[in-house]
Amino acid sequence: MDIRPDFAQPTATAWWEVARQAGYPAALWRLPNQTEKHLIVHLDPTPAMVSVDLEELPAGFVMSPFNNFDYGTGAPFEAPFLRADLHVKQAGRGWELAGPVTSRRAEELIGQVQAYRPTGRPVAQMVDDSAADQINSVAQQRFEQSVEEAVSAMQQGVFRKVVLSRTKSVWFNEEPDAVALFDQLCVAYPTAFVAAVWLPDRRQVWISASPERLVSVDAAGIFRTISLAGTQSAYDAGGRLKRTSEALWAQKEIEEQALVSRYIIECFKKIRLREYLEEGPKTILAGNLMHLGSHFTVDTQAVRYGQLGTVMIRLLHPTSAVCGMPRTAAFNFINEHEGYDREFYSGFLGPVNMTPDGATEGTESNLFVHIRCMKVEGSQATLFAGAGLTEDSDPQKEWKETEMKCQTLLSVMKSLNAGQ
Numbered sequence: 009m010d011i012r013p014d015f016a017q018p019t020a021t022a023w024w025e026v027a028r029q030a031g032y033p034a035a036l037w038r039l040p041n042q043t044e045k046h047l048i049v050h051l052d053p054t055p056a057m058v059s060v061d062l063e064e065l066p067a068g069f070v071m072s073p074f075n076n077f078d079y080g081t082g083a084p085f086e087a088p089f090l091r092a093d094l095h096v097k098q099a100g101r102g103w104e105l106a107g108p109v110t111s112r113r114a115e116e117l118i119g120q121v122q123a124y125r126p127t128g129r130p131v132a133q134m135v136d137d138s139a140a141d142q143i144n145s146v147a148q149q150r151f152e153q154s155v156e157e158a159v160s161a162m163q164q165g166v167f168r169k170v171v172l173s174r175t176k177s178v179w180f181n182e183e184p185d186a187v188a189l190f191d192q193l194c195v196a197y198p199t200a201f202v203a204a205v206w207l208p209d210r211r212q213v214w215i216s217a218s219p220e221r222l223v224s225v226d227a228a229g230i231f232r233t234i235s236l237a238g239t240q241s242a243y244d245a246g247g248r249l250k251r252t253s254e255a256l257w258a259q260k261e262i263e264e265q266a267l268v269s270r271y272i273i274e275c276f277k278k279i280r281l282r283e284y285l286e287e288g289p290k291t292i293l294a295g296n297l298m299h300l301g302s303h304f305t306v307d308t309q310a311v312r313y314g315q316l317g318t319v320m321i322r323l324l325h326p327t328s329a330v331c332g333m334p335r336t337a338a339f340n341f342i343n344e345h346e347g348y349d350r351e352f353y354s355g356f357l358g359p360v361n362m363t364p365d366g367a368t369e370g371t372e373s374n375l376f377v378h379i380r381c382m383k384v385e386g387s388q389a390t391l392f393a394g395a396g397l398t399e400d401s402d403p404q405k406e407w408k409e410t411e412m413k414c415q416t417l418l419s420v421m422k423s424l425n426a427g428q
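Have a look at this one:
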């Protein structure tokens, strides 16, 4: 059976809501600096657990947790994977099927989408909650204490850098509309990778606007990654958006970014790869924040290394931008001091082996570090943010940095409330 119904849906909401009602995982995304949006549905209740092998996987979407790397034990490098059993994409103002329909389940879902009628529910409102204030206050105390302990450990030579993170809890009067928030994030952050992922086995929606590419391999075999570190507000004291040339970086941020670049280069050395292009560091605008970044590019066909994307995923994750250096010592410190499970925060996510927009053949994979994200469980949203620590870190300044990062999503949620 290979059926392509003559059908277009005006919005992604019907596909998303019908998938949720059917109990199927779904992923909605838009790549950086692009306008076309994509949505896939995995027609089984639970994502598959797969080895992250870009050369072997079918078209779909990877959603890897942070705690997913080999500690020298030979443990399998696996992650949840949503197959693109149904793939639709935005075409102008409408949505259309982007591939053949080859199963009865797919036909049934399409029928349900055709019969879907929007409910017109009101925008979920953020609510003031004294319990949330208390939880966030305790989180600040714990975070600042952990920063002090990390600085002490670095001064003693335990590790060179560690990335400590924290959460921020927000409550709504009802579950927020993930598709509306996704659309607003696409407008607010055109240079970010924006995604919303529904995982019914966990009863969670993960929403993100990540500025950091982990690994990408395009249809021509060009491999890309980026070293991103250092954070400052994109606005000056008067609220004016600064030009990137106006960003001033302290020695702490410069050294932090250099460590991330060195980490990538060391990974190249491990596989004896010398033919790569490094551009940067330069200031990169990412919504309400600015970072220092260096771009790395490799022509995998020229160096005859078709498996480079897969190999580098295993070598890079978790990068020093979300974990630290040396990795194992930093990871152990994180486990001992953060006091919570990062789950998918600071893991990686993105579409793999999808046909590029406007192309009729060839596939590309785009995986991003899962930062600037939040987890939605019913009416509660949990935001995640981290700060890269060095010997020069100040606990209060690092807390303020995580607050700025939380604003990436908070500001958009507040604007949705204001625009109701």
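In this note's numbering, each residue carries its 1-based index in the sequence shown increased by 8. All C-beta atoms in this analysis are idealised placements derived from N, C-alpha and C, irrespective of residue type, glycine included.
Assigned secondary structure, HIS325 (DSSP; H/G/I helix, E/B strand, else coil): coil
Under the three-state DSSP convention, the category GLY314 falls into: coil
Nearest neighbour of VAL131, chosen from LEU51, ALA158, LYS97, ASP185 [CA to CA]: ASP185
Coarse secondary structure for CYS331, derived from DSSP in three states: coil
Minimum C-alpha distance to ASP244 - residue among GLY358, LEU281, ASN296: ASN296
Three-state secondary structure (DSSP) of ASP191: helix
Reference SER77, options ALA27, GLU261, VAL60, ALA99, closest by Cα: The amino acid occupying residue 77 in the given sequence is Phe; Ser does not appear at that position. The option with the nearest alpha carbon to PHE77 is VAL60.
Per-residue DSSP class, three states only, for SER401: coil
Residues of its chain near ASN425, where Cβ-Cβ distance is below 7 Å and the 5 sequence neighbours each way are ignored: VAL131, GLN133, MET134
GLN133 in three-state terms, based on DSSP: coil
Sheet register partners of GLY396 (DSSP bridge): VAL171
DSSP bridge partner residues for GLN212 (one or two, in chain order): LEU207
Cβ pair count under 8 Å reaching 3, the segment 168 to 188 against the segment 336 to 353: yes
Contact between the segment 395 to 403 and the segment 192 to 212 (3+ Cβ pairs under 8 Å): no
Where SER269 falls, given that 16 or more other Cβ within 10 Å makes a residue buried: buried
Residue closest to GLU264, alpha-carbon to alpha-carbon, out of SER235, ARG251, LEU281, ARG280: SER235
Helix, strand or coil at LEU417 according to DSSP, with G and I counted as helix: helix
For LEU357 and PHE231, believed in contact at Cβ under 8 Å, the rounded distance: Actually they are not in contact, since the Cβ atoms of PHE231 and LEU357 sit about 18 Å apart, beyond 8 Å.
Distance, ALA393 Cα to PHE190 Cα: 19 Å
PRO33, buried or exposed, once every other Cβ within 10 Å from all chains shown has been counted against 16: buried
Counterpart residues of ARG38 in DSSP-defined beta bridges: VAL202
Residue span of the alpha helix (DSSP H) that contains LYS260, given as start and end: 259 to 278
CB-CB length for TYR271 against THR327, believed under 8 Å: 7 Å
Assumed close pair GLY68, ILE48 - CB separation to whole angstroms, cut-off 8 Å: 7 Å
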